[in-house]
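With the working numbering, the residue at position 74 of the sequence shown is 131, and numbering never jumps. Written out below as C-alpha cells is the structure these notes cover.
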Amino acid sequence: MEPIPWLTDRGLWFPPVEQALDDPNGLLAVGGDLSPERLISAYHRGIFPWYEDPQPVLWWSPDPRCILFPDQVHIPRRLARKLRSDTFELSFDRAFPEVIAACGTLSSRRPGTWITADMRNAYTVLHELGQAHSVEVWQDRQLVGGLYGVAIGRVFFGESMFSRTADASKIALISLGAQLQRWGFAFIDCQVSNPHMARMGALEVSRADFLDLLRPAIGQSSAAPPDWRPVTPPRGYAE
C-alpha cells in the first residue's frame, strides 16, 4: 500500500482523489492547515476535512458519495404540517457560531466530535468571508436546531446538523432545500450516507459521477445573494 501523502502548510496541493484509500474509505491525505484558501481548494476537488483531536487534519474523498438534489428532499406529511404551523421560526446566518458550537456539543449519544476548536474557528472565518452559512430553527426564541455548510457556485457542501427538539434538524434541511431550489443550486453534498439522510431523499453516487456533477456546478453562479442573513427560508417548496 502506498503511504498516505502528508501535506505542509505551504501551497494548496492535494493528490488526485483517485488515490484515496478503499479502507478507510476515502482517506486521501494527512496534515496541512485549515486556512480558507486550502478549504476552498479542497471543496473544488471534492475533498473535505474530518478528524478528531489529537489527530492531524485528515482529508477525505469517499466512494460512493452521498448527495441530495434540492427538489428531491422528502417531506413526510407530519413534517409538512409542522412547516405550515407557527411552531418554529426559521432564519439563515443569524447565529452561525451558535449553530456550529451546537453541532459539536458532546453528549451521551455523541461522546466524541470532529468539530474541534480549530474546525469551529476555520469555518467561522469562512462564514465571515461569505462562504459558510447556517440555517437556524427557533422555538420560543430559543435555538432548537440547525445546520451549517459551505456554498460554492451552485453546490452546498453540508457539514453538520443538530436538534434539541424533535424534527428540528429535518426542518432545517427541508427549508434549506426549498431555498436552494429557488436559487438554482444543483445539489447538496452530504458526504457519506446514513439512514437519516436516506430517509430525507439523499442517494449515493460513485465518486466519478460526483465529480462529473461537481465540476460544472461549482464554477457556475447561483441566484443566492452574497449575504444570506436577510433571507427568510420558505416553510416548504414553492407552489
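Glycine included, each C-beta is placed from N, C-alpha and C at the ideal position. Please read these numbers as outputs of a predicted model, since none were measured by experiment.
With contacts defined by Cβ atoms closer than 8 Å, residue 85 and residue 290 do not form a contacting pair. Linking residue 175 to residue 142 through their CA atoms gives a straight-line distance of about 38 Å.
For the set 276, 217, 144, the Cα lying nearest the Cα of residue 197 is the one of 144. Taking residue 255 as reference, the option from 203, 129, 78 with the minimal CA-CA separation is 129.
Straight across, the Cα-Cα distance linking residue 93 with residue 185 is about 11 Å. Here the region 225-234 makes contact with the region 198-215; the two share three or more CB pairs at distances below 8 Å.
In this structure, 228 is the residue among 228, 72, 111, 120 with its C-alpha nearest to the C-alpha of residue 133. Proximity of the region 241-248 to the region 116-130 meets the contact definition, three or more beta-carbon pairs being nearer than 8 Å. Taking the Cα of residue 105 as reference, the smallest distance to any Cα among 226, 72, 153, 140 is reached at 72. Residue 180 carries a helical assignment under DSSP once its states are collapsed to helix, strand and coil. In this structure, residue 83 and residue 119 form a Cβ contact; the two beta carbons are roughly 3 Å apart against a cut-off of 8 Å. A residue is called buried once 16 or more other Cβ atoms fall within 10 Å of its Cβ, and residue 67, having fewer, is exposed. Around the beta carbon of residue 116, 16 or more other beta carbons lie within 10 angstroms, which makes this residue buried. Assignment of beta-bridge partners to residue 190 by DSSP yields 206. Around the Cβ of residue 265, a 10 Å sphere holds fewer than 16 other Cβ atoms; the residue is exposed. With distances taken between CA atoms, residue 203 lies nearest to 219 out of 108, 76, 219, 284.
Per DSSP, reduced to three states, the secondary structure at residue 67 is coil, with no helix or strand assignment. Checking the DSSP bridge columns, you'll see residue 215 partnered with 206. Nearest C-alpha to residue 225 among 237, 240, 274, 200: 200.
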